[in-house]
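Asks: Read top to bottom, the protein sequences are chains A and B.
Position 80 (the first sequence) corresponds to 849 in the numbering used here; numbering is contiguous.
Position 145 (the second sequence) corresponds to 135 in the numbering used here; numbering is contiguous.
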Amino acid sequence: MNKILFLFVQRKESQHKNQIESKMKILIPFCFGVSFLLITSFFSSHDTKDDNTVMVMNFEQLRPLLQKNNDTVYLINFWATWCAPCVKEIPYFEQLGEKYRDKKIKIVMVSLDFPNQLHTKLIPFIKKEEMRNEVILLDDPRSNRWIPLVDEAWTGAIPATLIYGNGFRKFYQKEFTFEELAETILPLLSD
Amino acid sequence: MKKLCFILSVFALSVIALNAQPIAVGETAPSFTLKNIDGTTVALSDYANEKGVFVIFSCNPCPYVQAYEERMIRLHQEFAPQGIPVVLINPNDPVSQPADSFDEMKKRAAERNYPFPYLADDVQQIYPAYGASRTPEVFLLKNKGDGSFVVTYTGTIDDNYQNESAVEEHYAANAARSLLDGKDPDPSTTKAIGCGIKAKK
């Protein structure tokens, strides 16, 4: 009887062991997977939030940003690191973002740098200039299709800025000074 | 009221800024006489025996120009023998952009073996007359045969600055072929990202 019981227990144990082993077989890759996801998500969130580096998108992906309908004022600036007047006005957009940090204002800097220079030019530039506004790299060479969708009057020259929100919408193919930007924005901000 | 004033003044400013539109297709091309890098002067009237001219506003440092430089040369090589040569005009103020000085223009043209004239619009009267706003910007002019030229195409060279092998629409070349066939180009106007022209301060 004891012997039978012993055998039974042994079998139970070995079954249990098998179960654990098979569970481990699933669990180990699962754990690896989860930790991989955690690590990558940590790094990617680290990228966009802390380093303020760059989202790359085509025009269809960018387009919703040009037609939001809420109580926020949007400034969408088209620029590139190689465009001297664009580079000159970047600090003004930074100052504006800083000054109206508590207001409902969203500044997005849409870079038209060459996509193959993302890591060699654009990201180093953003770090050097300590840009805090969001930067998007628009990777869409078919500009004849999308330029008129930003604004019919845009010839494609940069710098150019779209300002909209609270019933206002205007496209500027020009270089701004800080005063001009502030004067444009101020009446649009709700308290 | 103050708010309204602000909005109105912003509107006024933007109207001024948006003035820079290219001359309309079908209009007479403004004539020019400009200094070439070889020391001669080149005038639009010098092309009286050609079927047309590609006037391209261009410059030295703009990455979009550089991306299209080879294609501008090939445009000339393909169409000059057929009666539509290319002429480059640099509209930038060399004081605000020293990389576009006359000497730098000479250097660039020599390095890249420009087969066409490279003219300096340093007085900055020609590019506003054409309503050019960026480099590169193409104007295809058709010789009317009465001493005047008419604009038949304005815009970009093709639809992919990044990758020539992915080009689907050869706008400028197609416009030239239309001109040679006696047809109107379609499209007759295109848009492209380019470097804003540097005006004198």
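We put the CB at the ideal spot given by N, CA and C, even for glycine.
1) Going by Cα to Cα distance, which pick from Phe129/B, Glu68/B, Thr30/B, Ala70/B is closest to isoleucine 116/B?
2) Please report the distance separating the alpha-carbon of alanine 162/B from that of tyrosine 869/A.
3) Give the list of continuous alpha helix (DSSP H) stretches no shorter than 4 residues that lie fully inside the stretch 821 to 908 of chain A.
4) In this structure, does DSSP put tyrosine 933/A in helix, strand or coil?
5) Would DSSP call alanine 99/B helix, strand or coil?
6) Select from Gln942/A, Leu950/A, Arg938/A the residue whose C-alpha is nearest the C-alpha of lysine 837/A.
7) Give every residue of the same chain whose Cβ lies closer than 6 Å to the Cβ of proline 177/B, excluding the five residues on either side of it in the sequence, and list them in chain order.
8) Do you know offhand how far glutamate 127/B's Cα is from histidine 66/B's?
9) How would you list, in chain order, the residues of chain B whose beta-carbon sits under 9 Å from the beta-carbon of isoleucine 859/A?
10) Hey, does threonine 146/B have any beta-carbon neighbour from chain A nearer than 8 Å?
11) May I ask you to verify whether the stretch 166 to 184 of chain B touches the stretch 34 to 44 of chain B, counting CB pairs closer than 8 Å and requiring at least 3?
12) On a CA-only basis, which of Ser86/B, Tyr54/B, Pro81/B, Tyr104/B is nearest isoleucine 63/B? Give me that one, please.
13) Provide the residue(s) that pair with leucine 78/B in DSSP beta bridges, ordered along the chain.
14) Answer with buried or exposed for glycine 936/A, where buried requires no fewer than 16 other C-beta atoms within 10 angstroms of its C-beta.
15) I need the boundaries of the alpha helix (DSSP H) containing valine 113/B, first residue and last residue.
16) So, for alanine 119/B: in the same chain, excluding its five sequence neighbours on each side, which residues have a beta-carbon less than 7 Å away from its beta-carbon?
17) State the DSSP-derived secondary structure class of glutamate 127/B, mapped to helix, strand or coil.
Replies: By the coordinates alone:
1) Phe129/B
2) 45 Å
3) 828 to 831, 853 to 868, 892 to 897
4) strand
5) helix
6) Arg938/A
7) none
8) 15 Å
9) Simply none; closest approach about 15 Å.
10) yes
11) yes
12) Tyr104/B
13) Ile46/B, Tyr108/B
14) exposed
15) That residue, valine 113/B, is in no alpha helix (DSSP H); it is neither H nor E in DSSP.
16) Pro20
17) strand
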